[in-house]
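Just below is one structure, and these are the notes that go with it.
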Amino acid sequence: MTAEIAIMNREAVALAADSAITISQGGAPRIYATANKLFALSRHHPVGIMVYGNASFMEVPWETVIKLYRARLGGTAHATIQDYTDDFVEFLQSETALAPSKSQDQFVRRVLDAVFTVMVRQIQREFTSKLPEETPTTPEEFQQLLQRVKSDVIGEHYRRWRAARFSEDMDAASANELRRQYRLTIKDTKEANFGADLETTASRQLTLLAGWVLSKHDDRYTSIGGSGVVIAGFGEEQLFPSLRAVRVAGIAGGKLNYGWADGASTDIGTEEGEAIVPFAQGEMVRSFMEGIEPGFRKELENGVKQILEKYPTIIINSLRETSDEERKRLKAVAASAASEMLEVFKDSLDATGYTRYVEPVISTIASMPKSELPAVAEALVNLQSFKRRVSGEQETVGGPIDVMLISKGDGLIWIQRKHYFDANLNPQYFQAANSAVADDTVGVERTLEGNNSHG
-5 MTAEIAIMNR EAVALAADSA ITISQGGAPR IYATANKLFA LSRHHPVGIM VYGNASFMEV
55 PWETVIKLYR ARLGGTAHAT IQDYTDDFVE FLQSETALAP SKSQDQFVRR VLDAVFTVMV
115 RQIQREFTSK LPEETPTTPE EFQQLLQRVK SDVIGEHYRR WRAARFSEDM DAASANELRR
175 QYRLTIKDTK EANFGADLET TASRQLTLLA GWVLSKHDDR YTSIGGSGVV IAGFGEEQLF
235 PSLRAVRVAG IAGGKLNYGW ADGASTDIGT EEGEAIVPFA QGEMVRSFME GIEPGFRKEL
295 ENGVKQILEK YPTIIINSLR ETSDEERKRL KAVAASAASE MLEVFKDSLD ATGYTRYVEP
355 VISTIASMPK SELPAVAEAL VNLQSFKRRV SGEQETVGGP IDVMLISKGD GLIWIQRKHY
415 FDANLNPQYF QAANSAVADD TVGVERTLEG NNSHG
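Numbering follows the working numbering, with no gaps: position 60 of the sequence shown is 54.
Written as structure tokens, this is what we have:
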């Protein structure tokens, strides 16, 4: 996993990302603290890019993808960060070397296997939990119980995916076409995960679900093979920084499955003067900003909800000389009041959190000199890393923190940047980089001269 953050005010945007990467290949997950997740998107213009989630796109490392795009971009400048994002997405869609047909076939099989595995594990859990209650005694009864649990779980996931939203540029026709094109793969993965004896309804639901998995987005499945891409900085025509975030799954049937991520659109302007946007693992950032850890707040809300629901019921049941009809009426009144009071409690938490914690921080960020923004970004990523280190959880956030600062006047400045090699032993690396910048600059100048000669 990852911890990344963007901190923005009218002067600049600071981006920070940790270096931890988790690799699972059958055995226990291995965590390395050497991954690069933060890059310059352009050699010439003030635009940066961060990635999180899956470390590759169609099995091609994101670092390779980004540097291929950067080479194609050259000295071209776009008017806005939205334009840079649209152009990058179009590159992912159109660069055939990234997703040959074999890679697309593998992607489809991998994603369906991942989603079906989640369902199979749920079936196993629910089947095991029902055994003591149902106490089947014959093979036929065992099989009937298993088929019923299968149907229930498949139906639950079917309804969830049916209600999910389609990804960008996708619709019902896209899902149908993907089902048709990958019908054999869908059939194989269904049988491999659920067996060949599926009931007709369950089998049909899985086929429909498979088409939606390849054309829709469900927040509960974001960890299955998907990546987040964050692009931030200044477009050619923008005076203030801007940020766009997309989630990218992969390409199937020649179509890119992508959509806008949480915190997808953040534009600093004359009215909105600051923003703190965490990505991936951001619970400690929220704790710092809101004054309460998100998981603890959820437990607190659930505890208050139980009190509001159960306490009136206990009182009403203890009333003597009260008819069942009157008790029923009183319980309905109490339930309605409990629901209203819970919403008041949540609103009060929100208001207190904003007034006491959020507002002072964002007010400071709004007026903070750009030179201070990187330190804040690094500290918040470090906070997430430290929490993992001392809590006994896997250290899925950690390692060196890369930090960059992007401003309109100074462009993209690296504040902290790790290298996996000794710079003194590899002067040719920096010579090649400088040469590439010079070549791009000459191309831009020639283009401008040509435009001026036609002017």
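Yeah, the Cβ is synthetic: ideal placement off N, Cα and C, and Gly gets one too.
- [ ] Starting from Asn418, trace the alpha helix (DSSP H) both ways and give me its first and last residue.
- [x] Position 424 of the sequence shown, counted from the first residue, corresponds to residue 418. Careful: Asn418 lies outside any alpha helix (DSSP H) and carries neither H nor E.
TODO: Pick helix, strand or coil for Met44, following the three-state DSSP scheme.
DONE: Looking up residue 44 in the sequence shown gives position 50. Of the three classes helix, strand and coil, the one that applies to Met44 here is strand, per DSSP.
Open item on the list: Our contact map puts Leu32 next to Met398 with C-beta atoms below 8 Å; I'd like the distance itself, whole angstroms only.
Closed with: In the sequence shown, the residue the question calls residue 32 occupies position 38. In the sequence shown, the residue the question calls residue 398 occupies position 404. Right, their Cβ atoms sit about 6 Å apart.
Open item on the list: On the criterion of 16 or more Cβ atoms from any shown chain inside 10 Å, does Pro133 qualify as buried, or is it exposed?
Closed with: Translated into the one-based positions of the sequence shown, residue 133 becomes position 139. Classification of Pro133: exposed, given that the 10 Å Cβ count is below 16.
Task: Coil, strand or helix - Asp165 by DSSP - done: Taking the sequence shown and counting its residues from 1, one reaches residue 165 at position 171. Asp165: coil per DSSP, three-state reduction.
Task: Assigned exposure category for Val327 - 16 Cβ within 10 Å defines buried - done: Position 333 of the sequence shown, counted from the start, is the residue given in the question as residue 327. Burial state of Val327 is exposed, judged by a 10 Å Cβ sphere holding fewer than 16 other Cβ atoms.
- [ ] Assuming His211 and Arg238 form a contact by the criterion Cβ under 8 Å, report the distance between their Cβ atoms to the nearest whole angstrom.
- [x] On the sequence shown, residue 211 is found 217 positions in, with the first residue counted as 1. On the sequence shown, residue 238 is found 244 positions in, with the first residue counted as 1. Contact between His211 and Arg238 is ruled out by a C-beta separation of about 16 Å, above the 8 Å threshold.
Open item on the list: If I measure Cβ to Cβ from Phe339 and keep anything under 6 Å in the same chain, skipping five residues before and after, which residues do I get?
Closed with: Translated into the one-based positions of the sequence shown, residue 339 becomes position 345. Here Phe339 has Val298 as same chain residues with Cβ atoms under 6 Å from its own Cβ, once five neighbours each way along the sequence are excluded.
Task: Inter-residue Cα distance where the pair is Arg104 and Leu208 - done: In the sequence shown, counting from the first residue as 1, residue 104 sits at position 110. In the sequence shown, counting from the first residue as 1, residue 208 sits at position 214. Computed Cα separation, rounded: 11 Å.
- [ ] Answer yes or no: does any C-beta atom of chain D fall closer than 8 Å to that of Val45?
- [x] Reference to chain D is not applicable here, since this structure consists of a single protein chain.
Open item on the list: I'd like to confirm the pairing. Which residues does DSSP put opposite Ala(-3) in its beta bridges?
Closed with: Working through the sequence shown from its first residue, we reach residue -3 at position 3. According to DSSP, which records beta bridges pairwise, Ala(-3) is partnered with Ala274.
Open item on the list: One question on the structure: do Gln199 and Ile117 come within less than 8 Å of each other, judged by their Cβ atoms?
Closed with: For the purposes of this step, residue 199 is taken as residue 205 along the sequence shown, with counting starting at 1. For the purposes of this step, residue 117 is taken as residue 123 along the sequence shown, with counting starting at 1. Going by C-beta atoms, Gln199 is not nearer than 8 Å to Ile117.
- [ ] Determine the extent of the beta strand (DSSP E) in which Val524 is found, giving its start and end residues.
- [x] An answer regarding residue 524 cannot be provided, because it is not within the stretch -5 to 449 covered by the chain.
Open item on the list: I'd like the span of the alpha helix (DSSP H) that includes Ala109, first residue to last.
Closed with: For this step, residue 109 is matched to residue 115 along the sequence shown. Per the sequence presented here, residue 109 reads as Val, with Ala not at that position. Per DSSP, Val109 belongs to the alpha helix (DSSP H) from 95 to 128.
TODO: Determine the extent of the alpha helix (DSSP H) in which Ala333 is found, giving its start and end residues.
DONE: To locate residue 333, count along the sequence shown from 1; it is residue 339. The sequence shown places Ser at residue 333, not Ala. 318 to 347 is the span of the alpha helix (DSSP H), which, as asked, contains Ser333.
- [ ] Return helix, strand or coil for Gly449, following the three-state DSSP convention.
- [x] The residue given as residue 449 occupies position 455 in the sequence shown. Confidence is the limiting factor: at Gly449 the pLDDT is only 39, short of 50, which leaves the residue's position unreliable and the question unanswerable from this model.
Open item on the list: Beta-carbon within less than 6 Å of Leu92's beta-carbon, same chain only, minus the 5 sequence neighbours each way: which residues are those?
Closed with: Taking the first residue of the sequence shown as position 1, residue 92 is located at position 98. When the five nearest sequence neighbours on each side are left out, the beta carbons in the same chain lying within less than 6 Å of the beta carbon of Leu92 are those of Met52, Val54, in order along the chain.
- [ ] Report buried or exposed for Arg64, applying the criterion of at least 16 other Cβ atoms within 10 angstroms of its Cβ.
- [x] Here the question's residue 64 lines up with position 70 in the sequence shown. The residue in question, Arg64, is buried, as its Cβ has 16 or more Cβ neighbours within 10 Å.
Task: Buried versus exposed call for Pro368 [16 or more other C-beta atoms within 10 Å across all chains shown] - done: By 1-based counting over the sequence shown, the position of residue 368 is 374. By the C-beta density criterion, Pro368 is buried, having at least 16 other C-beta atoms within 10 angstroms.
Open item on the list: If the criterion is Cβ atoms closer than 8 Å, does the pair Glu284 and Tyr351 meet it?
Closed with: In the sequence shown, counting from the first residue as 1, residue 284 sits at position 290. In the sequence shown, counting from the first residue as 1, residue 351 sits at position 357. Yes, Cβ-Cβ distance for Glu284 and Tyr351 is below 8 Å.
TODO: With DSSP collapsed to three states, give me the class of Ser217.
DONE: Position 223 of the sequence shown, counting from 1, holds the residue named residue 217. Summary for Ser217: the model assigns pLDDT 49, below 50, so the residue's position carries little reliability, and this model does not support an answer.
TODO: With DSSP as the reference, label Asn3 as helix, strand or coil.
DONE: Position 9 of the sequence shown holds residue 3. In the structure shown, the three-state DSSP call for Asn3 is strand.
- [ ] With DSSP as the reference, label Ile409 as helix, strand or coil.
- [x] By one-based count along the sequence shown, residue 409 stands at place 415. Here Ile409 sits in strand by DSSP.
Open item on the list: Do Phe110 and Lys144 have their beta-carbon atoms positioned less than 8 Å apart in this structure?
Closed with: As a working mapping, residue 144 is identified with position 150 in the sequence shown. As a working mapping, residue 110 is identified with position 116 in the sequence shown. Not a contact, by the Cβ cut-off of 8 Å.
- [ ] Mind the definition here: the stretch 261 to 277 touches the stretch 306 to 313 only if three or more C-beta pairs lie below 8 Å; say whether that holds.
- [x] Taking a contact to require three or more Cβ pairs closer than 8 Å, the stretch 261 to 277 and the stretch 306 to 313 do not qualify as touching.
TODO: Let me know if Phe273 comes out buried or exposed under the rule of 16 or more other beta-carbons within 10 Å of its beta-carbon.
DONE: Residue mapping note: residue 273 aligns to position 279 of the sequence shown, counting from 1. With 16 or more other Cβ atoms within 10 Å, it is buried.
Task: Ala515 versus Ala34, Gly276, Gln87, residue with shortest Cα-Cα distance - done: Here the chain has residues from -5 to 449 only, and residue 515 is not among them.
Task: DSSP bridge partner residues for Thr260 (one or two, in chain order) - done: Taking the first residue of the sequence shown as position 1, residue 260 is located at position 266. In the DSSP output, where bridge partners are listed per residue, Thr260 has Leu237.
Open item on the list: Can you tell me whether Tyr351 is helix, strand or coil according to DSSP?
Closed with: Locating residue 351 in the sequence shown gives position 357, counting from the first residue. For Tyr351, the three-state secondary structure derived from DSSP is helix.
TODO: Using a threshold of 8 Å, state whether the C-beta atoms of Ala226 and Gly42 are closer than that.
DONE: Taking the first residue of the sequence shown as position 1, residue 226 is located at position 232. Taking the first residue of the sequence shown as position 1, residue 42 is located at position 48. Taking 8 Å as the Cβ cut-off, Ala226 and Gly42 qualify as a contacting pair.
Task: Continuous alpha helix (DSSP H) stretch holding Arg153: start and end - done: Here residue 153 refers to the residue found at position 159 when the sequence shown is read from its first residue. Run containing Arg153: 133 to 157, per the alpha helix (DSSP H) assignment.
Open item on the list: With H, G and I counted as helix, E and B as strand and the rest as coil, what does DSSP make of Glu372?
Closed with: Your numbering for residue 372 matches position 378 in the sequence shown. DSSP places Glu372 in helix when its eight states are reduced to three.
TODO: Please report the residue range of the alpha helix (DSSP H) in which Arg66 lies.
DONE: In the sequence shown, the residue the question calls residue 66 occupies position 72. Taken as a continuous stretch (DSSP letters only), the alpha helix (DSSP H) holding Arg66 covers 56 to 67.
TODO: Grab the span of the alpha helix (DSSP H) containing Leu313 for me, first residue to last.
DONE: Against the sequence shown, residue 313 aligns to sequence position 319. Unbroken run through Leu313: none, as it is neither H nor E.
TODO: Under 6 Å Cβ to Cβ from Glu372, same chain only, skipping five residues before and after it: list those, please.
DONE: On the sequence shown, position 378 is the one that residue 372 refers to. Beyond the five residues adjoining it in sequence on each side, Glu372 comes within less than 6 Å, by CB distance, of Ala10, Ile395, Val397 in the same chain, given in chain order.
Task: Residue environment, Asp318, which counts as buried when at least 16 other CB atoms sit within 10 Å - done: Here the question's residue 318 lines up with position 324 in the sequence shown. The residue is exposed, with fewer than 16 neighbouring Cβ atoms inside 10 Å.
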